[in-house]
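In the working numbering, the protein residues as written are 6 to 609.
Structure (structure tokens):
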């Protein structure tokens with residue numbers, strides 16, 4: 006299910022699961038942080054299905070018992086699946102954020118990883134039905150299509166080796182799809198796509214053009230950056246011979262394309278955000294604790310020109326602001342310290358509201374905001390939020406799901422339209438997944454990534470259907486920002502010619518992401534053409550063949566490429582025909598020579 010982000014893929018999958026639960030055992034696989042999202046979406050669906058029921062919680066418990074939840078990111082995912090259903094035979098498997106699964110499969114040649122084991126189990130399962138939910142298929146590389154459609158079809162539909170796939174379906178010269186018609190023939194019938202229709206787009210807020218902020222590093226920051234790059238280059242050269250064996254493995258990206266390759270740049274990328282000589286980490290001390298203990302003097306424009314520039318932009322926002330960074334300790338936690346120094350207050354609901362309560366109500370009492378957290382059979386706990394203080398909070402992969410839900414409810418409260426409760430939300434990659442936020446007016450992405458789909462995922466947390474309905478028309482806009490660290494110009498030109506790197510890691514990641522995005526976008530357009538709703542969506546180039554009963558492809562993909570395309574394009578033509586009814590069905594016929602009659606059954 007390839008539906009535009011923010012359109013409700015979760016509710017759609019749950020409605021299908023409920024309707025098929027008497028035939029297949031539903032197993033939901035999603036990151037642990039998203040399990041509560043499914044429960045909330047299930048409750049919304051129950052209220053729609055049973056509007057006359059007063060106690061929806063009982064209905065929720067009844068239907069929830071039919072589902073089994075498995076954590077996509079758990080170390081024991083395979084054991085959870087066995088515990089959930091014994092095997093995958095006869096189950097309906099729903100995988101949310103499925104692009105993470107596809108990437109996990111092709112990012113390693115190790116068949117013992119969770120993702121590889123799940124792939125093998127699916128390929129061996131009998132009578133299995135699968136729903137993959139994603140708003141960004143081909144997010145990193147078109148090769149992600151291989152495990153996706155092999156699992157959906159239950160056979161080796163696409164070549165398992167990277168080079169063979171690229172030889173068959175990628176034109177490396179033009180950076181575009183090759184043999185697109187043959188690839189479409191293999192994919193038709195397995196894709197549902199919704200998005201881009203004018204009527205749907207009216208329900209979304211307007212995304213303003215991306216503002217790219219190129220921020221020059223300070224001299225001290227650039228000095229530390231260059232030292233980090235020397236270390237990273239040495240590590241890269243030391244392991245450069247490791248990939249020859251990996252490149253030959255099935256279902257595996259070449260070594261240079263693997264996610265692990267980005268680990269060589271972690272030091273320089275973090276220093277591009279924040280660099281301070283005062284930062285020292287003692288033995289047995291966490292990096293986040295060391296950051297928290299830094300004095301106020303460590304958080305200046307000299308240590309992080311990026312964050313200072315971002316804070317200036319945030320002050321122009323008329324509403325709530327979302328900040329994203331892949332890095333938590335030297336990214337989000339540093340931003341949090343800058344915010345505290347600027348006078349913002351960190352809101353951590355579970356430190357003031359006890360756990361175990363399932364509802365949050367927010368109302369205004371005089372000048373202050375009152376947050377009441379209560380359960381039907383428990384005491385009420387109240388939190389008073391001063392309207393004079395501007396607040397921020399964090400959601401990372403380590404946050405408890407209950408606190409995550411609290412933060413989302415507070416953010417989405419009608420009293421937070423302009424950030425009165427939570428002005429700024431800081432999120433990591435894991436923390437951002439599945440968030441459904443309203444009213445957001447700015448998105449700040451602190452560092453580029455070579456996968457532009459990740460940036461789209463972040464923006465989609467606040468650019469959603471109906472997310473800005475409560476705002477007046479002139480406020481239904483979202484302004485995204487991307488921050489790119491560039492070299493300190495004075496120091497750069499003082500380095501001997503030929504010794505300096507012409508572009509920073511941020512610049513290289515951004516450019517590579519744009520290049521990859523062009524190819525990935527072209528393959529996503531192919532998926533739209535093979536979607537079952539293609540003609541309804543008004544897409545051009547929809548795969549529609551004349552009903553000749555010919556097989557659309559040969560099982561051997563190499564031979565298939567050499568054979569003529571069996572899909573004869575559907576041609577529209579006006580013909581003169583006569584009507585006849587038989588057994589309640591209406592037929593149309595044409596008189597042909599030699600007394601032959603051609604009949605057409607009218608389907609409505």
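Think of the CB as a built atom: it goes at the ideal place given N, C-alpha and C, for glycine as much as any other residue.
Residue i burial status per 10 Å Cβ neighbour count (16 or more: buried)
{"i": "residue 55", "result": "exposed"}
{"i": "residue 337", "result": "buried"}
{"i": "residue 227", "result": "buried"}
{"i": "residue 312", "result": "buried"}
{"i": "residue 613", "result": "Any answer about residue 613 is impossible in this case: the structure gives the chain only from 6 up to 609."}
{"i": "residue 250", "result": "Residue confidence for residue 250 is low, a pLDDT of 48 falling below 50, so the modelled location carries little weight; the figure read from the coordinates is stated next. Residue 250 comes out exposed."}
{"i": "residue 361", "result": "At residue 361, the pLDDT of 48 sits below 50, so the modelled position is not reliable and the matter cannot be decided from this model."}
{"i": "residue 590", "result": "exposed"}
{"i": "residue 11", "result": "buried"}
Spatial distance of residue i from residue j (CA atoms)
{"i": "residue 505", "j": "residue 300", "result": "33 Å"}
{"i": "residue 508", "j": "residue 446", "result": "31 Å"}
{"i": "residue 126", "j": "residue 503", "result": "52 Å"}
{"i": "residue 57", "j": "residue 438", "result": "33 Å"}
{"i": "residue 119", "j": "residue 82", "result": "6 Å"}
{"i": "residue 460", "j": "residue 450", "result": "7 Å"}
{"i": "residue 267", "j": "residue 574", "result": "Model confidence at residue 267 stands at a pLDDT of 47, short of 50, so the residue's coordinates are unreliable and nothing is read from them."}
{"i": "residue 257", "j": "residue 181", "result": "21 Å"}
{"i": "residue 280", "j": "residue 232", "result": "12 Å"}
{"i": "residue 496", "j": "residue 325", "result": "38 Å"}
{"i": "residue 19", "j": "residue 526", "result": "28 Å"}
{"i": "residue 414", "j": "residue 592", "result": "57 Å"}
{"i": "residue 563", "j": "residue 510", "result": "39 Å"}
{"i": "residue 284", "j": "residue 296", "result": "7 Å"}
{"i": "residue 36", "j": "residue 77", "result": "5 Å"}
{"i": "residue 176", "j": "residue 375", "result": "60 Å"}
{"i": "residue 322", "j": "residue 483", "result": "10 Å"}
{"i": "residue 270", "j": "residue 116", "result": "26 Å"}
{"i": "residue 317", "j": "residue 63", "result": "49 Å"}
{"i": "residue 50", "j": "residue 66", "result": "13 Å"}
{"i": "residue 151", "j": "residue 164", "result": "7 Å"}
Opening and closing residue of the alpha helix (DSSP H) in which residue i lies
{"i": "residue 339", "result": "338-346"}
{"i": "residue 495", "result": "494-497"}
{"i": "residue 31", "result": "No alpha helix (DSSP H) holds residue 31; the beta strand (DSSP E) holding it covers 30-35."}
{"i": "residue 619", "result": "As displayed, the chain neither begins before 6 nor continues past 609, which places residue 619 out of reach and without an answer."}
{"i": "residue 61", "result": "61-69"}
{"i": "residue 314", "result": "310-319"}
{"i": "residue 209", "result": "Note, residue 209: premise wrong, no alpha helix (DSSP H); not H, not E."}
{"i": "residue 14", "result": "14-25"}
{"i": "residue 40", "result": "40-54"}
{"i": "residue 569", "result": "Careful: residue 569 lies outside any alpha helix (DSSP H) and carries neither H nor E."}
{"i": "residue 57", "result": "Where residue 57 is concerned, there is no enclosing alpha helix (DSSP H), given that its DSSP letter is neither H nor E."}
{"i": "residue 522", "result": "510-535"}
{"i": "residue 444", "result": "No alpha helix (DSSP H) holds residue 444; DSSP gives it neither H nor E."}
{"i": "residue 120", "result": "119-129"}
{"i": "residue 423", "result": "Where residue 423 is concerned, there is no enclosing alpha helix (DSSP H), given that its DSSP letter is neither H nor E."}
{"i": "residue 193", "result": "Neither: residue 193 is in no alpha helix (DSSP H) and is coded neither H nor E."}
{"i": "residue 3", "result": "As shown, the chain starts at 6 and ends at 609. That puts residue 3 outside it, with no answer to give."}
Residues sharing a beta bridge with residue i, DSSP
{"i": "residue 254", "result": "For residue 254, which the question treats as bridged, DSSP gives no partner whatsoever."}
{"i": "residue 547", "result": "None, per the DSSP bridge assignment."}
{"i": "residue 449", "result": "328 and 486"}
{"i": "residue 134", "result": "97"}
{"i": "residue 429", "result": "326 and 397"}
{"i": "residue 389", "result": "375"}
{"i": "residue 438", "result": "DSSP output for residue 438 lists no bridge partner at all."}
{"i": "residue 139", "result": "7"}
{"i": "residue 199", "result": "8"}
{"i": "residue 574", "result": "550"}
{"i": "residue 181", "result": "176"}
{"i": "residue 350", "result": "396"}
{"i": "residue 590", "result": "587"}
Where the beta strand (DSSP E) through residue i begins and ends
{"i": "residue 584", "result": "583-587"}
{"i": "residue 219", "result": "216-221"}
{"i": "residue 75", "result": "73-76"}
heavy atom of the ligand MN below 7 Å from residue i C-beta
{"i": "residue 554", "result": "Absence of the ligand MN is noted for the structure shown, with no ligands found whatsoever."}
Is the segment 15-34 touching the segment 213-222, taking contact as three or more C-beta pairs under 8 Å?
-> no
If we count Cβ pairs, one from each stretch, closer than 8 Å, do we get three or more for the segment 511-522 versus the segment 449-457?
-> yes
Touch check for the segment 425-445 and the segment 387-401: three-plus C-beta pairs under 8 Å?
-> yes
Specify whether the segment 35-43 and the segment 405-421 touch according to this definition: at least 3 beta carbon pairs, one from each stretch, less than 8 Å apart.
-> yes
Report yes or no: do three or more beta-carbon pairs, one from the segment 59-76 and one from the segment 84-98, lie closer than 8 Å?
-> yes
On the three-pair Cβ rule with 8 Å, is the segment 103-115 touching the segment 138-148?
-> yes
Inter-stretch contact (C-beta, 8 Å, three-pair minimum) for the segment 469-477 and the segment 187-198 = no
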